[in-house]
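Going by the working numbering, the sequence shown opens with residue -12, and the numbers climb by one from there.
Built from N, CA and C at the ideal position, the CB exists for glycine as well.
Nothing here was measured: the structure is a model prediction, and the numbers come from that model.
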Amino acid sequence: MLPGVAYFLLFHYGALAGNVIAFKDYVPFDGLWASQWVGPANFQAVLRDSAFWHAVVNTLWIALLQLVFYFPVPIALAMLLHSLTRDSVRRFVQSVAYLPHFLSWVIVVAVFQQVLGETGLLNHALGDAHLHTLDVIGNPAAFKPLVVAQVIWKDCGWGTIIFLAALAQVDEQSYEAAAIDGAGPWRRFWHVTLPAIRPIVVLLLIMRLGDILSVGFEQMLLQRDSVGPEAAEIIDTLVWQRGLVQGDYGYAAAAGLFKGVVGALLVFAANKVAHRLGEQGVYR
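The structure is reproduced here in structure tokens:
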């Protein structure tokens, strides 16, 4: 365990000391400790900035769409795979569903551009049929549903692993007893399957809420220029733009720290709700 513990201590907990930049007018040439202390001035600048609140709204909208439309998909796919009786078919479908997870976002975005872009396969087919063409990739109104579709295509197969493991622990005799008692497929799902996977669902939901303000930095950055910051700017891309591009490190650190604090509070709140509902949650 020592290499893993050393990694987290050095690159995660040790790196927390860098948050002091959020309280300084950080200048790289002066160094971390010699830079001027400005107290809460960076946080005040963040909270007064309309661009920051626009990024927060965009982030929350995308996170909500992912929570509603992406989160249930791995559960449904896991139950579908679990219901397949032939192992060869199940392994084939699993392999096909897992594959996109191992592709980088650069490749995934390029694939979607080749299919849905202005000169993509879809528009070629529509043009050949003498129909009106669509520019899905460059349309700001379609951007949020598009990024959710990209996440579903890329990660839904990988997300089924934990749910398949939970479903594998369900005693088949429970299904047989329920069927003998006259329970149909829906009642067997409601009274046998759902209670078996409910702790895992609650645990992953709490973890997802803690990470809800992180909706895919690389995915957004790669498509930000095609639709504009009005549609694609999120907190992470704003931090990158202000910090690394414009050199306003104090502002960027304050915005990032704000995001981290909100995520931690969401984890604590969701864990408390899980305890009230009788679930174990992330911790006791």
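Delimiting residues of the alpha helix (DSSP H) encompassing residue i
i	result
S161	159 to 167
V76	74 to 85
W173	172 to 175
S91	Here S91 belongs to no alpha helix (DSSP H), and DSSP marks it neither H nor E.
A38	37 to 52
N110	108 to 115
M(-12)	That residue, M(-12), is in no alpha helix (DSSP H); it is neither H nor E in DSSP.
Y238	236 to 263
R337	Lying outside -12 to 271, the shown extent of the chain, residue 337 is not represented and no answer is given.
A218	216 to 219
In DSSP terms, what residue i is bridged to
i	result
W24	K11
Residue i, buried or exposed, once every other Cβ within 10 Å from all chains shown has been counted against 16
i	result
M207	buried
P127	exposed
I167	exposed
T180	buried
Q160	exposed
R229	buried
Q53	buried
V55	exposed
V123	buried
Nearest-angstrom Cα separation, counted from residue j out to residue i
i	j	result
A240	H88	30 Å
H69	S82	14 Å
L154	M66	8 Å
A164	V80	29 Å
S201	A42	12 Å
P182	V33	44 Å
V76	L64	14 Å
V60	C143	6 Å
A4	Y238	16 Å
V260	D17	46 Å
Q156	Y162	12 Å
G125	V93	16 Å
A2	I8	12 Å
G(-9)	F(-2)	11 Å
Y13	D212	28 Å
Contact belief for residue i with residue j at Cβ below 8 Å, rounded distance in angstroms
i	j	result
I49	K131	6 Å
V95	Q137	6 Å
L253	L196	5 Å
L244	N45	That pair is no contact at about 19 Å.
I184	F150	6 Å
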